[in-house]
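Peer 1: Chains as they are written, first to last, in this note's numbering: chain A, 1 to 369; chain B, 1001 to 1369; chain C, 2001 to 2369; chain D, 3001 to 3369.
Idealized CB from N, CA, C, for every residue including glycine.
Let me give you the structure first, and then I'll get to my questions.
Number of protein chains: 4
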Amino acid sequence: MSNSIGQLFRVTSFGESHGHSMSVVVDGCPPGIPLSSADMKSDLERRKAGTTQGSTTRLETDEVEILSGIFQGRTTGAPLTLMVCNHDSDSLHYNKKFAVPRPGHADYTAWVKYGGYNDYRGGGRFSGRITVGFVLAGTIAQKVLALVGVDILAHIVQIGPIHAATRFTSQSDMPRLLERCRQNPLYCADSEACTHMLALLEEIKNKGESVGGAIEGIATNLPVGLGEPVFDTVEGNLAKALFAIPAVKAVEFGAGFGAAGQTGSQHNDAFTMQNGHITTSSNHAGGILGGLTNGMPIVLHVAIKPTPSISKPQNSVDMVSKEPVVLTVEGRHDICIVPRAVVVVEAMMVITLCDFALLAGVIKPMRPQ
Amino acid sequence: MSNSIGQLFRVTSFGESHGHSMSVVVDGCPPGIPLSSADMKSDLERRKAGTTQGSTTRLETDEVEILSGIFQGRTTGAPLTLMVCNHDSDSLHYNKKFAVPRPGHADYTAWVKYGGYNDYRGGGRFSGRITVGFVLAGTIAQKVLALVGVDILAHIVQIGPIHAATRFTSQSDMPRLLERCRQNPLYCADSEACTHMLALLEEIKNKGESVGGAIEGIATNLPVGLGEPVFDTVEGNLAKALFAIPAVKAVEFGAGFGAAGQTGSQHNDAFTMQNGHITTSSNHAGGILGGLTNGMPIVLHVAIKPTPSISKPQNSVDMVSKEPVVLTVEGRHDICIVPRAVVVVEAMMVITLCDFALLAGVIKPMRPQ
Amino acid sequence: MSNSIGQLFRVTSFGESHGHSMSVVVDGCPPGIPLSSADMKSDLERRKAGTTQGSTTRLETDEVEILSGIFQGRTTGAPLTLMVCNHDSDSLHYNKKFAVPRPGHADYTAWVKYGGYNDYRGGGRFSGRITVGFVLAGTIAQKVLALVGVDILAHIVQIGPIHAATRFTSQSDMPRLLERCRQNPLYCADSEACTHMLALLEEIKNKGESVGGAIEGIATNLPVGLGEPVFDTVEGNLAKALFAIPAVKAVEFGAGFGAAGQTGSQHNDAFTMQNGHITTSSNHAGGILGGLTNGMPIVLHVAIKPTPSISKPQNSVDMVSKEPVVLTVEGRHDICIVPRAVVVVEAMMVITLCDFALLAGVIKPMRPQ
Amino acid sequence: MSNSIGQLFRVTSFGESHGHSMSVVVDGCPPGIPLSSADMKSDLERRKAGTTQGSTTRLETDEVEILSGIFQGRTTGAPLTLMVCNHDSDSLHYNKKFAVPRPGHADYTAWVKYGGYNDYRGGGRFSGRITVGFVLAGTIAQKVLALVGVDILAHIVQIGPIHAATRFTSQSDMPRLLERCRQNPLYCADSEACTHMLALLEEIKNKGESVGGAIEGIATNLPVGLGEPVFDTVEGNLAKALFAIPAVKAVEFGAGFGAAGQTGSQHNDAFTMQNGHITTSSNHAGGILGGLTNGMPIVLHVAIKPTPSISKPQNSVDMVSKEPVVLTVEGRHDICIVPRAVVVVEAMMVITLCDFALLAGVIKPMRPQ
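Shown next, in the form of structure tokens:
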């Protein structure tokens, strides 16, 4: 507990990295929405290992089975269950050293919490593979939010010390940004930075190291007034959803940490009229005021720590004998999870916003819209 | 909805800035804990306006009434209700311009969401005054967590461009840090930086401006294994709780955004033995691995935006006539909310951790411990 | 935990029988609904002691204060808090025998659960007085449901061995039924049965006894499709809400226990057309099929046990010394709670149905309807 | 929504009668409990069609697959997913008359709620087959509750007009009652009544009819103080869980509806000492006082309506054309669901009590007990 998130659009995750499958139950999807496993193909493909530099050589076919909630090609209003079976799990590397936790991993904390009974193979529930289910749920949420025209995009803005110069600036910027991201394997809108990032990843790989990065997430065309303050704020629920992605260590909205250094006149977004609608002339708020969407694009950043599994020797301890151990992590691992996390950031954003849209009555739970 | 947070230790907030009172119901507090309104005095005092430079001149006595849940000086296991009546609310400034939203405020978003029916006086539910209730609930959570020895401390690490050099380094550091914080009105452990901050606040005030800042929050003596992955992670639930504080725009844990620039060998905290217990030799994880506490101190940072109310003229629009308006915000306002937010950060941390301790069975819900 | 009920229309109860007050927080009420404490007067009056035969002589004025959620006479979308202060609490009778549980009361179970720290005065949280808050929340729910025309009515159908002959038969029957109920102090539609019931109550009183009874609850003009199967069925959530009323020991819908003795052709309600709408020609289902409303009136019955406090001597034990004690309950008590429970049954029905209407999107959470 | 029930022991149901499978996710099961699909065999067998008189000829093998949450033969603390694939679904009878709702079924209400998009084959989510998942979850809950020694038993006390004379009388009665139930195909402790019931079922079958009945559920060896008043009462949550079983129309506890006719001295259970423990000399409360367990056995009754599908012609309407239709339900159906519901009543009881045991801290969520 708790492996569920959301109030009206509720996602329940189950499955382990090296178990039978990685799956998700989505309860609360309105009926009548066309959906097939083909709809999930492109998002799953983006999350997949081996398609980007620096990812693990574990190659999963990631075929989706829809086990429930679909009839005659449309959602029924019943819980949707989406399953991806595990095939290429290679547990040999894990079995021999189950008592020695990998630094930076959940091996130690999970072992304590579950009294040693947790499925530690491949990280079990704490593997990045859990995000397969997040992406599947995100595909459904995207279909629902599309009913009201919301668009979501995430892209890489940092790998290690290299920052992308291109950031989201305005709603009209979305198509151009999307096109740029698609032009390179890193989903980074700055093609020059991308070249440097790719070179860095090669270097990191050769060193037996790993590296972190940062992603910008954007949502546009949002109605005003989503969010359920004071505790279910748009920032709060987005952050909670994003921190469920393994390796995320920071989340900021709009000016974010930069706001700490600003004055009021620098930070405040002046209200103005545009095409008959109230809007703001800048967006330091990142589209959120008082925990509620203000109609401007949501702009957020997440920091992703370097993949903990590295081939360099690291100090650890044997949890049973309490003896120090020098650990060399074998197995197949990503040296940088950031490229694969882009679509997962999109998924967590869209899942959260879909729940808010249902809570606000913008999308009706019952009958087609 | 939703004005409640927490699963087993559940806090419900009610009241408005210029209404009858600001209050909180706390459900799930174990019975038998000694509690009186005097216990809340010092925390409320720290939150109070007028005790620090740069705060509003609205002076509330903030007398706490305990309306339920106490019998013979101890908690009963029934819901605790803590109320602070509003006395010095000065609504005159707000009444005349209810149709013109203040930039950076929730005026516009709340007006849309609630169809114009929201109590806009003093920001209503979107006022910083709502945090009175958070602090009250925090006092109770602190009493509960004290049963297992957890310590919480927050302090200012940034005001505008000025950064404090002193940060938390280790558990043994807590007493010294606490002592330093108490020595100055800003609750900043770096006395030299504090002097500069105070000068800055004076300057900001004279300019009719406001300024943001950042706070570091720390929790020590935590048991291993708190947190309920994959969705109720320690990071996720802490972040959600912290984003309920008006003006928070960013939250990071451990290395936070810095982790994006690190390599695995830089970031990973090696495991080691200390006094017979497993621990880590560094704390880039901020005390959390896999969404679970690892026994090391939780270290987090929050960014707080500048108070939106400034006396400089700002552009806005009349929400009814849709005409542009130049707005000068009158009334009494903080020019920097950060000093008053320190105790609120502590409160949201302790509320969240108390819930986790109950969920993990570390503290029992029933009968005295 | 848990002193809250409902998902979108969420009611939180606080207060004790002999404490400061009995109150309720209602979160999720849509904005813009006219509301004042005067609206609650008539329902509170119906619940009040001393207005019907057989009720306690504890006389509370039951003045309602609205502490939050109202501005300019209308709901704001913020949590509504309604409070009734306790005045006539007479705790003397309770203090002396706190170690001897009254048979049929929660004295023993609460003492064990809360480790002896519960406020036992007047039953504390387990007193029938807790239903003051239920009635207040019901008033609000009724205002919300009135937006879609739903009507609720409860009436007495049994006191001890005496059954009322008059039951609800059809939607068109509601006005007549309501009128009949109002004609007598017991809110019983069968005036002849009422006469016998009043005589019985007199007799029961003279014997130092108490007596139980049964109430029929009806809801008409419901939209089709309320309910959230498979676990949040209309029957399930109504039953849960009704069992929160102290003394309720049974709940049935439509044919109820009678359905156990029926055949399919006797029980099934044939579908038919009426005024262009699909309806059923009988209502053994009590308005609910598959856990969903079918547009026919909801008809339910609840059994209420005799008030446990009687003046006859009863066997008990001292919880501390473990010695047998013969107990004579003093204090002021109802000899029959059923007449006062009628309005509480209505309240729990309307609270539950209001939540369902919001969940189904029949009533929108945001902005006026 | 909502297809989940429980707070700490949380069961999520998915799957349709004629879809891929019927399944359940159980979140919150403590780690370290031995579990295999073989453990579910006997309970599933009891629920199965064809094993008792009067059940459908649809014969499912009901092989259970455990998809997640198990490692090395024990629960891991991660969500458990249990799946039973559908094989013998015969949808032909349903396809042709999807526009004509069967009286007594959810066909009409589901069609309206889900805008005609629901999977109506075999009743979809509203089929009795959904209880396969309930039974699977119940098996797990039973394993958890066994840690504290709780016993659960349900048995038939009525089929149509025939009542069993044998009822539960005391905790010591459990073994004898269990033995008697096992001696006949109806799980009825009164062998003479059972003979009459079997004859009745034969008669009902020949008439193309169906018939209802009633089940008594018992839980013994319960700790005192389970339950979370005022809204999560033991009665309320048990009732909610039981009403999730299709066809249940009434639930009562202890004296139940009989309490309406009792006086206080008849109903109140006197406290007494037994083997050094406080207990009551009778059990009209059905083991529950103030919504909390009092240590006495929980005794409850549920009424089950006759199976709606009968072969006799019935009046209905075409939902599209709005024309009257005389419907003869074909397909394979139970003529009496009561025998198959016995194990489902046990499952819903044990699921609910397991959640209460976790909420009360009687069973710890983390690490082996």
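Helix, strand or coil: how does DSSP classify Ala2357 of chain C here?
Peer 2: Helix at Ala2357 of chain C.
Peer 1: Among residues of its own chain, excluding the 5 on either side of Pro3285 of chain D, which ones have a beta-carbon nearer than 6 Å to its beta-carbon?
Peer 2: Strictly speaking, residue 3285 of chain D in this sequence is Ala, with Pro absent from that position. Listed in chain order, the non-local C-beta contacts of Ala3285 of chain D below 6 Å within the same chain comprise Gly3254 and Asp3269, local neighbours out to five positions each way being set aside.
Peer 1: For Val2320 of chain C, which three-state DSSP category applies?
Peer 2: coil
Peer 1: Would you mind listing the beta strand (DSSP E) stretches within the region 1129-1185 of chain B that are 3+ residues and don't spill past its ends, in chain order?
Peer 2: 1151-1159
Peer 1: With distances taken from CA atoms, which of D:Met3273, D:Gly3073, D:Phe3257 and D:Lys3205 is nearest Met2319 of chain C?
Peer 2: D:Met3273
Peer 1: Here's the rule: buried if 16 or more other CB atoms are within 10 angstroms of the residue's CB, otherwise exposed. What is Ala1141 of chain B?
Peer 2: buried
Peer 1: Would you kindly work out how many angstroms separate the C-alpha atoms of His2018 of chain C and Phe1071 of chain B, rounded to a whole number?
Peer 2: 10 Å
Peer 1: Please confirm whether Ala1199 of chain B and Ala1164 of chain B have their CB atoms less than 8 Å apart.
Peer 2: no
Peer 1: According to DSSP, is Met1083 of chain B helix, strand or coil?
Peer 2: Three-state DSSP puts Met1083 of chain B in a strand.
Peer 1: Using the rule of at least 16 other Cβ atoms within 10 Å of the residue's Cβ for burial, across every protein chain shown, is Gly2390 of chain C buried or exposed?
Peer 2: The structure shown does not extend to residue 2390 of chain C, since chain C is modelled only from 2001 through 2369, so no value can be given for it.
Peer 1: Around the C-beta of Asn2003 of chain C, are 16 or more other C-beta atoms found within 10 angstroms, so that it is buried, or is it exposed?
Peer 2: buried
Peer 1: Going by the DSSP bridge assignment, what does Ile2066 of chain C pair with across the sheet?
Peer 2: Under DSSP, Ile2066 of chain C shares a beta bridge with C:Leu2082.
Peer 1: Please identify, using Cβ separations under 8 Å, the residues of the region 1013-1031 of chain B that lie next to chain C, in order along the chain.
Peer 2: Ser1013, Phe1014, Gly1015, Glu1016, Gly1019, His1020, Ser1021, Ser1023, Val1025, Asp1027, Gly1028 and Pro1031
Peer 1: What distance in whole Å lies between the Cβ atoms of Arg2074 of chain C and Gly2032 of chain C, which are believed to be in contact at a cut-off of 8 Å?
Peer 2: 5 Å
Peer 1: So what's Pro2368 of chain C in DSSP terms, helix, strand or just coil?
Peer 2: Model confidence at Pro2368 of chain C stands at a pLDDT of 47, short of 50, so the residue's coordinates are unreliable and nothing is read from them.
Peer 1: Is it true that the region 3218-3235 of chain D meets the region 3200-3210 of chain D, where meeting means three or more beta-carbon pairs spaced less than 8 Å apart?
Peer 2: no
Peer 1: Under 8 Å, do Ala2106 of chain C and Leu3359 of chain D count as touching if we go by C-beta distance?
Peer 2: The answer is no: Cβ separation not under 8 Å.
Peer 1: Contact criterion: CB-CB distance below 8 Å. Does Leu1359 of chain B meet it with respect to chain D?
Peer 2: yes
Peer 1: Under a Cβ-count criterion, where at least 16 other Cβ atoms within 10 Å of its own Cβ denotes burial, should Gln3183 of chain D be classed as buried or exposed?
Peer 2: exposed
Peer 1: With distances taken between CB atoms, is the gap from Ala1260 of chain B to Ala110 of chain A smaller than 8 Å?
Peer 2: no
Peer 1: Pick from D:Ser3042, D:Pro3161 and D:His3333: whose alpha carbon is nearest that of Ala3303 of chain D?
Peer 2: D:Pro3161
Peer 1: Using the C-alpha atoms, what's the distance from Pro3365 of chain D back to Ala3241 of chain D?
Peer 2: 21 Å
Peer 1: With a threshold of 6 Å on Cβ separation, who are the neighbours of Ser1013 of chain B within its own chain once the five nearest residues in sequence on each side are excluded?
Peer 2: Asn1003, Val1024 and Gly1133
Peer 1: What residues in the region 2239-2272 of chain C have a beta carbon less than 9 Å from any beta carbon of chain B?
Peer 2: none
Peer 1: Let me see if you follow: with CB-CB separation under 8 Å, is Arg214 of chain A close to chain B or not?
Peer 2: Note on identity: in this sequence residue 214 of chain A is Ala, with Arg being the wrong assignment. Contact with chain B is found for Ala214 of chain A, since one of that chain's Cβ atoms lies less than 8 Å from the residue's Cβ.
Peer 1: Could you tell me the alpha carbon to alpha carbon distance between Gln7 of chain A and Ile2363 of chain C, rounded to whole angstroms?
Peer 2: 17 Å
Peer 1: Give the DSSP bridge partners of Asn1315 of chain B, in chain order.
Peer 2: DSSP, once it has assigned bridges, lists B:Val1326 as partnering Asn1315 of chain B.
Peer 1: Give me the Cα-Cα distance between Gly1287 of chain B and Lys1143 of chain B, rounded to the nearest whole angstrom.
Peer 2: If you take the alpha carbons of Gly1287 of chain B and Lys1143 of chain B, they lie about 22 Å apart.
Peer 1: Using a Cβ-Cβ cutoff of 8 Å, what residues of the region 3221-3235 of chain D are near chain B? List them in chain order.
Peer 2: Gly3225
Peer 1: Kindly indicate if chain D contains any beta-carbon less than 8 Å away from that of Pro368 of chain A.
Peer 2: Low local confidence applies: a pLDDT of 46 at Pro368 of chain A is under 50, so the model's placement there is unreliable, and no value is given.
Peer 1: Closest by CA to Arg3010 of chain D, which one among D:Cys3029, D:Met3022 and D:Leu3186?
Peer 2: D:Cys3029
Peer 1: If you reduce the DSSP assignment to three classes, tell me which class His333 of chain A lands in.
Peer 2: coil
Peer 1: Alpha carbon to alpha carbon, how far is Arg3167 of chain D from Thr2263 of chain C?
Peer 2: 24 Å
Peer 1: Could you tell me whether the Cβ atoms of Thr2131 of chain C and Val2329 of chain C are closer together than 8 Å?
Peer 2: no
Peer 1: Measuring straight from C-alpha to C-alpha, what distance separates Gly3291 of chain D and Ile278 of chain A?
Peer 2: 52 Å
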